[in-house]
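Just so you know, we're using this note's numbering here: the sequence shown kicks off at 1 and counts up by one. Below: one structure, written as structure tokens.
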Amino acid sequence: MGFTDYLRYDFVQHALIAGALVGAICGLISPFVITRRAAFAVHGTAELAFTGAAAGLLIADNAVAGALAGGLVVAGVIAVLGRTERQLDTVIGVVLAFGMGVGVLLLSRYHGFAGNAVNILFGQIFGVSWGQIVLMLVVAALVLATLVVIYRPLQFASVDPQVAAARGVPGGLLGLVFLVLLALTVTEAAQIVGTLLVLSLAITPGAAAVRLTARPAAVTALSVAFALLAAVGGLAASLQFGNIKASVWITGISFAIYLLARVFGGRSLTRR
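This is the structure we're talking about:
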């Protein structure tokens, strides 16, 4: 059965829509992750979304709602405790260790369908329902609208926080808003690749884009294109070669794009 034949099925259409949504939002947020050196924050938020998802399964048999709630709580805790860049990594590490322990405890008490627990870690994009897509659309619209409003001051505060603070830019508030957007984005992406592999969509596209250009608008456009290529391309490849999970293809394509960007970006820097 070819790829076009699969397009007749609802679960494939749902997966492609979800993949495109996640790719677009991760592509938008990824350059800020790189500029603000927040890769560890992505990792911490993703792993702690697992704790929220485990709580959601145990309390209401709803991993997605639990992951969203957990991500927002974690964003607030990190913003309050990690007020400076020097404190941030330490706070994330401490909270991550505690949260993962709580997540394991909660998951050990869950006696429902075991696949639900596994999907938290590794994702299950071909099991996305229409209701989940609607939720993802709402989250994507919220993230996009907020980024449009705060794009310029957030860019300024990310590139040169000291000068931005001197100019009156509210760096602390922007940092909190960014962490909330990051938590929403990571939770959304985790539905596709799982909490263990979410870094491939939230970090790699931006890391590849900044190797090719220094213009903020171009970096954002390339990051979105790379994330979409990885997400949608990985889903298409998994349908064509059904013995390999979509998350493996997505992470593989992301890494290949990054390697190519390093090669061609390095050559461009050498010529300049």
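Note that the Cβ used here is the ideal one computed from N, Cα and C, for glycine as well. The structure displayed is predicted, hence computed values, not measured ones.
Whole-angstrom distance between residue j and residue i, CA atom to CA atom
| i | j | result |
| --- | --- | --- |
| V104 | L181 | 26 Å |
| V198 | G233 | 16 Å |
| A145 | V33 | 18 Å |
| L259 | A208 | 8 Å |
| F50 | G171 | 28 Å |
| G27 | P205 | 6 Å |
| G23 | L96 | 25 Å |
| L7 | L235 | 12 Å |
| V94 | H43 | 13 Å |
| G252 | N243 | 15 Å |
| L162 | P153 | Per the sequence presented here, residue 162 reads as Gln, with Leu not at that position. Q162 and P153: Cα-Cα distance of roughly 13 Å. |
| L21 | A183 | 15 Å |
| V143 | T185 | 8 Å |
| A165 | P216 | 20 Å |
Exposure of residue i, with buried meaning 16 or more beta-carbon neighbours within 10 Å
| i | result |
| --- | --- |
| R36 | buried |
| S223 | buried |
| S238 | buried |
| Y9 | exposed |
| I59 | exposed |
| V210 | buried |
| S158 | buried |
| R271 | Residue placement at R271 cannot be trusted, given a pLDDT of 49 that sits under 50; the coordinates are not used to answer. |
| L269 | Because L269 carries a pLDDT of 47, less than 50, the predicted location of this residue cannot be relied on, and the following value inherits that uncertainty. With fewer than 16 Cβ atoms within 10 Å of its Cβ, L269 is classed as exposed. |
| S108 | exposed |
| W249 | buried |
| Q124 | buried |
| D5 | exposed |
Proximity to residue i [Cα-Cα], best of the options
| i | options | result |
| --- | --- | --- |
| A218 | I125, Q87 and S30 | S30 |
| S247 | A231, A256 and V134 | A231 |
| I203 | A97, F178, V102 and S254 | S254 |
| L135 | A164, F40 and L68 | L68 |
| A225 | F241, W249, I257 and R215 | I257 |
| D89 | V102, V128, Q124 and A38 | A38 |
| I78 | V64, A53 and A41 | A41 |
| V193 | E47, Q13 and T4 | E47 |
Presumed contact (8 Å Cβ cut-off) between residue i and residue j, rounded CB distance
| i | j | result |
| --- | --- | --- |
| A140 | I17 | Incorrect: roughly 11 Å between the Cβ atoms, too far for contact. |
| G66 | G56 | 2 Å |
| V74 | T45 | 6 Å |
* **3-residue-minimum beta strand (DSSP E) runs that sit fully inside the stretch 21-97, ordered along the chain** => none
* **Within the stretch 145-210, ranges of the alpha helix (DSSP H) (whole runs, at least 4 residues)** => 161-166, 171-193, 199-202 and 204-209
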